[in-house]
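Student: The structure under discussion is supplied below as structure tokens; questions concerning it will follow.
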Amino acid sequence: VVINKPLADIELGDLLEQLSIDPRQGASGDPVFYGGPVQTDRGLVVHTLDYTSSQTMPVGERFGVTASKEILVDIGGMNPVRQPPAQYLLAIGHAGWGPGQLENEISLNSWCHSEADAALIFGGDNKDLWGAALKSLGVTGAMLSPEWSTARPDDAPLN
526 VVINKPLADI ELGDLLEQLS IDPRQGASGD PVFYGGPVQT DRGLVVHTLD
576 YTSSQTMPVG ERFGVTASKE ILVDIGGMNP VRQPPAQYLL AIGHAGWGPG
626 QLENEISLNS WCHSEADAAL IFGGDNKDLW GAALKSLGVT GAMLSPEWST
676 ARPDDAPLN
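Using our numbering, read the sequence shown as starting at 526 and increasing by one per residue.
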């Protein structure tokens, strides 16, 4: 899921209103992110595991992904029984790879990867998220080069 591209024309309150869900105070201005080019008519919520439902898919020990109207009702504050997750990120669409494709790209050093960091995922400062993520690995964008990845085509931009 892309987590550094907030959509300019919609906020959480707008989306909840379209679904006839009254947003709780403070939630309506939360950003909605462009999660990627796959299934752009569907949304999902990346969140901390203090919230789970039958639709939650755990991602590691600290995070989950839920793609249901139920979590939006909970985020909107309309469920008096269940609290929303303490931290969450709502995305429309997602990124996707074919079977084995991502693993192959990782084995060819096409990706920098690290442990998931709640401060990066939910921190709110998405203007230089790429730089902050690199900094958490102890590098800067200036330290990267095309030779770093054996899989990178000559005409591909560094991301």
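Every residue, glycine too, gets a C-beta built ideally from N, C-alpha and C.
Considering only residues of the same chain and omitting the five flanking positions on each side of residue 585, which have a CB-CB separation below 7 angstroms?
Tutor: For residue 585, where only same-chain residues beyond five positions count, the Cβ hits under 7 angstroms are 641.
Student: Quick one: grab the DSSP three-state call for residue 617.
Tutor: It is a strand residue.
Student: To the nearest angstrom, how far is the alpha carbon of residue 564 from that of residue 605?
Tutor: Taking the straight line joining both Cα atoms gives about 31 angstroms.
Student: In whole angstroms, what separates the C-alpha of residue 537 from that of residue 648?
Tutor: Approximately 17 angstroms, taken between the alpha carbons.
Student: To which residues does DSSP link residue 514 through a beta bridge?
Tutor: Outside the shown range of the chain, which is 526 to 684, sits residue 514, and nothing can be said about it.
Student: Counting Cβ pairs closer than 8 angstroms, one from the stretch 609-624 and one from the stretch 555-571, do we hit at least three?
Tutor: Touching, yes.
Student: For residue 666, count neighbouring C-beta atoms within 10 Å of its own C-beta (all shown protein chains included) and say buried if the count is 16 or more, exposed if not.
Tutor: With fewer than 16 other Cβ atoms within 10 Å, it is exposed.
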